[in-house]
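Note sheet for the following structure.
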């Protein structure tokens, strides 16, 4: 969770990346970079987008906070509430279900003692069934941060959980 | 081995993801040819002659789309690659970009030259961040080689190419929603006209093409549009990447010559190798989740009794009564253990989740369809629910700004058309139907 008194500002390396995103668009079209910068902000600031973070992104892009907010609430990769350090985004669309996605979701839920959408008490893991991630031939599958994990089995889930526990860091995708 | 492989010809060449190996195996020859020996309009003409049709799903001729771009207004023009691959059952663009990124980069440069675009974008769905990093590396390599930037190969043509992410929204695969997203907004599709070729990104002339379409351009430039048109069958020219998933022995991405028989694609060892566990095939969604589902008997043979082919025309033979569509080439096979109602419910949930909410018929209707299907699937349905479901789908179809409404309605309408007995069985036998793994069986449609 963010400390509300902490000043929200990108680290120098993140700021350089944000500038790089902005420079991908023509003069006067800074707003186009909002999608990329929100991914970066989520990776930088505890894995979710607080109102303060969204205001900061708006100030960088010289747009109104509501223009950031409406984007942050439209796209499914952005979180406007805190999540676990590792969000297990398990595909639950048709092709994955044909090859056992629902059993995998059930297994993860039982292993963590949580329901879909919930986070473990220690704040480590969130289980989030998601819609098609374009890996239908490698079902069942899930995304965690940057990575796709395919051909999932209970044993593979157990392995990944042990690996994540030993890494213990926020895992979010940005480009 | 499959013949006439174009896109995946070098897929097994070690290091084909790098600039050096791509170049050594004939890469960037099309760029050199186009820039040094052809005018932009000549490039467009070759693509027109090739008969290449948009590989994202709509099947609109790519060359014709290019020829619509407004070159007279003097406004900046854009080529945008739609790499927002999100149609359930489809994973071919990801495969192509991940393994042969330069094929897309070269196509983007050649295409931008044809359109006179000096700034182009590859919009990749946000979940595929690792693909974005692969593409960025390929773009950096192309800049270092002088294939991007100012005065490319001394031709006087300048191009800056950027890769940029989405953030999780199926709707952004619709070209005007994608443009909205590129402008940093919610992905709400725009009313057409004006079409993007006149007023697209920032109100400027824009062409949006699928990854596979753009990746096909280099071969067309190298070999000529007429040569490309010789591959395939009739108006289905060239090759198509098919994403094979579901209950097939060998799932994966295959490049087929259009016109291959569906039977050969499913059963030959060269492709999918048949159905898993020696099971019978029950149904198939042949072109991504949005196209009508077909029972196995109608998938393999048309209503006229002809062999069904993997082509735009053959798959749609019989219209929506007995046919389907090639769509994006997302080939989802379902064996005899599949519950059609359950599968349809997951698709309905998908469309409800992905509706942008702009048009009431889609926003409300997709929610209704999901709810009714949830009820039927979980043993709380009534016989009248089946007709209600059909009625809701008809109220969505054709009544929305973009095709997402149709895409949500068609799977429902076709599933009831072909599998009505299965829906009725769910309603009349709730205890049996809700057992884990339960599937209604009708021998007459199994193959």
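Protein chains in written order, with the working numbering: chain A, 2 to 176; chain B, 165 to 611. Glycine included, each C-beta is placed from N, C-alpha and C at the ideal position.
At the level of alpha carbons, what is the spacing between residue 2 (chain A) and residue 47 (chain A)?
As a position in the first chain, residue 2 (chain A) is number 1, starting the count at 1. As a position in the first chain, residue 47 (chain A) is number 46, starting the count at 1. Any reading at residue 2 (chain A) must be qualified, since the residue scores a pLDDT of 47, below 50, and its modelled position is unreliable; the value itself is stated next. Roughly 7 Å separates the two Cα atoms.
Are at least three pairs of beta-carbons, each pair with one atom in the region 261-277 of chain B and one in the region 146-165 of chain A, less than 8 Å apart?
No, the region 261-277 of chain B does not touch the region 146-165 of chain A.
contact_flag[the region 100-116 of chain A, the region 59-78 of chain A] where n(CB pairs < 8 Å) is 3 or more:
Not touching, per the Cβ criterion.
To the nearest angstrom, report how far apart residue 605 (chain B) and residue 500 (chain B) are at their CA atoms.
Residue numbering aside, residue 605 (chain B) sits at position 441 when the second chain is read from its first letter. Residue numbering aside, residue 500 (chain B) sits at position 336 when the second chain is read from its first letter. C-alpha separation (whole angstroms): 7 Å.
Where in the region 254-286 of chain B do unbroken runs of the alpha helix (DSSP H), each at least 4 residues long, occur, reported from the N-terminal end onward?
Segments of the alpha helix (DSSP H) lying fully in the region 254-286 of chain B: 256-263 and 265-279.
Could you tell me which residues DSSP puts in a beta bridge with residue 497 (chain B)?
Reading the second chain from its first residue, position 333 is the one you call residue 497 (chain B). In DSSP, residue 497 (chain B) forms a bridge with B:410 and B:448.
CA-CA distance, residue 609 (chain B) and residue 495 (chain B)?
On the second chain, position 445 is the one that residue 609 (chain B) refers to. On the second chain, position 331 is the one that residue 495 (chain B) refers to. Cα to Cα, the separation comes out at about 18 Å.
Quick test of your reading: residue 138 (chain A) and residue 409 (chain B), contact by CB under 8 Å. State the CB separation rounded to the nearest angstrom.
Stepping through the first chain from its first residue, residue 138 (chain A) is reached at position 137. Stepping through the second chain from its first residue, residue 409 (chain B) is reached at position 245. Between the beta-carbon of residue 138 (chain A) and that of residue 409 (chain B) there is about 5 Å, and that keeps the pair under the 8 Å contact cut.
According to DSSP, residues forming a beta bridge with residue 618 (chain B)
Any property of residue 618 (chain B) remains undetermined from this structure, which presents chain B solely from 165 to 611.
Could you compute how far the alpha carbon of residue 134 (chain A) sits from the alpha carbon of residue 120 (chain A)?
For the purposes of this step, residue 134 (chain A) is taken as the residue at position 133 of the first chain. For the purposes of this step, residue 120 (chain A) is taken as the residue at position 119 of the first chain. The C-alpha of residue 134 (chain A) lies about 21 Å from the C-alpha of residue 120 (chain A).
Please classify residue 8 (chain A) as buried or exposed, where buried requires at least 16 other C-beta atoms within 10 Å of its C-beta.
On the first chain, position 7 is the one that residue 8 (chain A) refers to. It is exposed - the Cβ of residue 8 (chain A) has fewer than 16 other Cβ atoms within 10 Å.
Inside the region 337-405 of chain B only - alpha helix (DSSP H) runs reaching at least 4 residues:
As far as the region 337-405 of chain B is concerned, its whole alpha helix (DSSP H) runs of at least 4 residues are 339-346, 375-387 and 389-394.
With 16 other Cβ atoms within 10 Å as the buried cut-off, status of residue 152 (chain A):
Mapped onto the first chain, residue 152 (chain A) falls at position 151. Under the 10 Å beta carbon count, residue 152 (chain A) is surrounded by fewer than 16 other beta carbons and is classified as exposed.
Is the shortest distance between the beta-carbon of residue 409 (chain B) and the beta-carbons of chain A less than 7 Å?
Taking the second chain and counting its residues from 1, one reaches residue 409 (chain B) at position 245. Taking Cβ atoms only, chain A reaches closer than 7 Å to residue 409 (chain B), which makes this a yes.
Beta-carbon within less than 8 Å of residue 205 (chain B)'s beta-carbon, same chain only, minus the 5 sequence neighbours each way: which residues are those?
Counting from 1 along the second chain, the entry for residue 205 (chain B) is found at position 41. Sequence-distant partners of residue 205 (chain B) (beyond 5 residues in either direction) whose C-beta falls short of 8 Å from its own C-beta, in its chain, are 278.
Is there a Cβ from chain B that is less than 7 Å from the Cβ of residue 109 (chain A)?
The residue you call residue 109 (chain A) lines up with position 108 of the first chain. Taking Cβ atoms only, chain B never reaches closer than 7 Å to residue 109 (chain A), which makes this a no.
Going along the chain, which unbroken runs of the alpha helix (DSSP H) with 4 or more residues stay wholly within the region 131-176 of chain A?
The region 131-176 of chain A contains these whole alpha helix (DSSP H) runs: 155-168.
Identity of the residues DSSP links to residue 425 (chain B) by a beta bridge
As a first step, residue 425 (chain B) is located in the second chain; it is residue number 261 there, counting from the start. Paired residue(s): B:473.
Considering only DSSP beta bridges, list what residue 63 (chain A) is partnered with.
Taking the first chain and counting its residues from 1, one reaches residue 63 (chain A) at position 62. Per the DSSP secondary-structure output, residue 63 (chain A) pairs with nothing in a beta bridge.
Quick check on this structure: which residue in B:335, B:568, B:373 and B:399 has the alpha carbon closest to the alpha carbon of residue 218 (chain B)?
Position 54 of the second chain, counting from 1, holds the residue named residue 218 (chain B). The residue among B:335, B:568, B:373 and B:399 with its C-alpha nearest the C-alpha of residue 218 (chain B) is B:373.
Identify the contact partners of residue 51 (chain A) in chain B, using a Cβ-Cβ distance below 9 Å as the criterion.
Here residue 51 (chain A) refers to the residue found at position 50 of the first chain. Per Cβ cutoff of 9 Å: no residues; residue 51 (chain A) is ~17 Å from chain B at best.
As a quick exercise: from B:438, B:462 and B:441, pick the residue whose alpha carbon is nearest that of residue 447 (chain B).
As a working note, residue 447 (chain B) is residue 283 in the second chain. Ranking B:438, B:462 and B:441 by CA distance to the CA of residue 447 (chain B) puts B:462 first.
With a threshold of 16 other CB atoms inside 10 Å of the CB of residue 320 (chain B), please say whether the residue is buried or exposed.
On the second chain, residue 320 (chain B) is found 156 positions in, with the first residue counted as 1. Result: exposed.
Which residues in chain B have a C-beta closer than 9 Å to the C-beta of residue 157 (chain A)? List them in chain order.
Counting from one through the first chain, the residue named residue 157 (chain A) turns up at place 156. Within chain B, not a single residue places a beta-carbon under 9 Å from that of residue 157 (chain A); the smallest gap is close to 17 Å.
Quick one: which unbroken alpha helix (DSSP H) runs of 4-plus residues sit fully inside the region 524-587 of chain B? Chain order, please.
524-541 and 547-560, all fully within the region 524-587 of chain B.
Please look up how many angstroms separate the CB atoms of residue 182 (chain A) and residue 130 (chain A), rounded, as I've assumed it's under 8 Å.
It is not possible to answer for residue 182 (chain A), since the shown part of chain A is limited to 2 through 176.
Just to confirm before moving on: does the CB-CB distance between residue 255 (chain B) and residue 140 (chain A) stay below 7 Å?
Here the question's residue 255 (chain B) lines up with position 91 in the second chain. Here the question's residue 140 (chain A) lines up with position 139 in the first chain. Taking 7 Å as the Cβ cut-off, residue 255 (chain B) and residue 140 (chain A) do not qualify as a contacting pair.
Output the boundary residues of the beta strand (DSSP E) element that contains residue 245 (chain B).
Numbered from its first residue, the second chain carries residue 245 (chain B) at position 81. Membership of residue 245 (chain B) in the beta strand (DSSP E) is indicated by the continuous run 242-247.
The region 381-396 of chain B / the region 271-285 of chain B touching (three or more Cβ pairs under 8 Å):
The region 381-396 of chain B, when compared against the region 271-285 of chain B, does touch it at the 8 Å Cβ threshold.
Using a cut-off of 8 Å between C-beta atoms, extract the partners of residue 455 (chain B) located in chain A.
For the purposes of this step, residue 455 (chain B) is identified with residue 291 of the second chain, where counting begins at 1. Those within 8 Å of residue 455 (chain B) in chain A number zero; the least Cβ separation is about 13 Å.
At the level of alpha carbons, what is the spacing between residue 215 (chain B) and residue 399 (chain B)?
As a first step, residue 215 (chain B) must be located in the second chain, where it is residue number 51. As a first step, residue 399 (chain B) must be located in the second chain, where it is residue number 235. One C-alpha to the other measures close to 7 Å.
For residue 203 (chain B), count neighbouring C-beta atoms within 10 Å of its own C-beta (all shown protein chains included) and say buried if the count is 16 or more, exposed if not.
Counting from 1 along the second chain, the entry for residue 203 (chain B) is found at position 39. Exposed: under 16 other Cβ atoms inside 10 Å.
One question on the structure: do residue 332 (chain B) and residue 78 (chain A) come within less than 7 Å of each other, judged by their Cβ atoms?
By 1-based counting over the second chain, the position of residue 332 (chain B) is 168. By 1-based counting over the first chain, the position of residue 78 (chain A) is 77. Taking the C-beta atoms as reference points, residue 78 (chain A) is found nearer than 7 Å to residue 332 (chain B).
Please say whether residue 406 (chain B) and residue 493 (chain B) have beta carbons closer to each other than 7 Å?
If you number the second chain from 1, residue 493 (chain B) lands on position 329. If you number the second chain from 1, residue 406 (chain B) lands on position 242. Their beta carbons are under 7 Å apart, which means residue 493 (chain B) touches residue 406 (chain B) by this criterion.
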